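Q: Can you read through this structure? Questions will come right after.
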Amino acid sequence: MENISQAEKQMLKDQQATKEKETAENEANKKQRARTTKKVIYWVLGIVIVFGGLGFLISKIDFKTVEPTVIGNVNFPTGPIHWHADLTASVCGVNRELPKPVGNAHLGTVQLHTHEDGRIHIEASVNSPDEIKLFRYLKNIGIKVAEDSVFDVKNGDDCNGNPGKWVLTANGIEEEDFYNHVILDGQRLSLDFK
Ligand SMILES: [Zn+2]
């Protein structure tokens, strides 16, 4: 009796130990799983935030895409072109000489420049009308220009006793915005402060 009981006791003990071990292992597994789940959630959240943020930023970036634009009968971007236009300037009725290079040189960029002839030359290809606006040409040949002034003469400055204003005509027709005027082939431009 005593022996059997002893053996039974041992068996119960062993079973108990095994059970405890299993329970501990289960607990550990559960904890491990919980940790893994947490990690996965953090990663997913992180990825969502990072890519969401990137997506938002990208949506805010103003990509300089070349939009097809038509001005007059000109399609932008143009192919290779070689245009000429003419420009004169005056302040209160007095003609203003525009800068010219000496000899065979050019003044300005390859795309937008002048030679000894004083004409506006537009060469190569033009991606967007913005590249050949009048203010760019003026800057290229070294003239100080802003949206309301040319040289050092500003809208509202005195002109023979009255406040004057910069006015641009293209082929005799008055343009609204001299600064952003797009120079086209063959145009006769007159920029006058009056
Ligand atoms: Zn030319």
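Counting in my numbering, the final residue of the sequence shown is number 1575, and the numbers go up one at a time with none missing. Even glycine gets a Cβ: it sits at the ideal position worked out from N, Cα and C. Because the structure is a prediction, the values reported are computed rather than measured.
1) Report the CB separation of isoleucine 1522 from glycine 1484 in whole angstroms; it is logged as a contact under 8 Å.
2) Under 7 Å between the Cβ atoms of isoleucine 1564 and leucine 1519?
3) For glycine 1537, which residues of its own chain have a beta-carbon under 7 Å away from its beta-carbon, when the five flanking residues on both sides are left out?
4) Could I get the ranges of all uninterrupted beta strand (DSSP E) runs contained in the segment 1424 to 1507, with 3 residues as the minimum, in chain order?
5) Any contact of the segment 1492 to 1505 with the segment 1446 to 1465, i.e. 3+ C-beta pairs under 8 Å?
6) Give a yes or no on contact between the segment 1467 to 1483 and the segment 1566 to 1573, applying the rule of three or more CB pairs nearer than 8 Å.
7) Can you check DSSP and say which residues form a bridge with isoleucine 1554?
8) For valine 1507, collect the residues of the same chain with a Cβ closer than 8 Å to its Cβ; drop the 5 residues on either side in sequence, then sort them by chain order.
9) Using a Cβ-based criterion (distance less than 6 Å to any ligand heavy atom), does histidine 1494 qualify as near ligand 1?
10) Going along the chain, which residues of its own chain have a beta-carbon closer than 7 Å to the beta-carbon of glutamine 1568, five neighbours each way excluded?
11) Quick one: is isoleucine 1452 buried, meaning 16 or more other Cβ sit within 10 Å of its Cβ, or exposed?
12) On the CB-based measure, 16 or more other CB atoms within 10 Å of its CB, does glutamate 1408 come out buried or exposed?
13) So what's lysine 1546 in DSSP terms, helix, strand or just coil?
14) Under the rule that 16 or more other beta-carbon atoms within 10 Å means buried, what is leucine 1549, buried or exposed?
15) Valine 1526 and tryptophan 1547: beta carbons closer than 7 Å?
16) Could you check whether the Cβ of histidine 1502 sits closer than 6 Å to any heavy atom belonging to ligand 1?
A: In brief:
1) About 16 Å separates the two Cβ atoms, so there is no contact after all.
2) Their beta carbons are not under 7 Å apart, which means isoleucine 1564 does not touch leucine 1519 by this criterion.
3) Pro1544
4) 1450 to 1452, 1455 to 1457, 1462 to 1472, 1475 to 1477, 1493 to 1495, 1501 to 1505
5) yes
6) yes
7) Answer by DSSP bridge pairing, in chain order: Ala1551.
8) Phe1457, Pro1458, Thr1459, Ile1462, Gln1492, Ile1513
9) no
10) Ala1466, Ala1551, Asn1552
11) exposed
12) exposed
13) In the three-state DSSP reduction, lysine 1546 falls in the coil class, being neither helix nor strand.
14) buried
15) Not closer than 7 Å, so no.
16) yes
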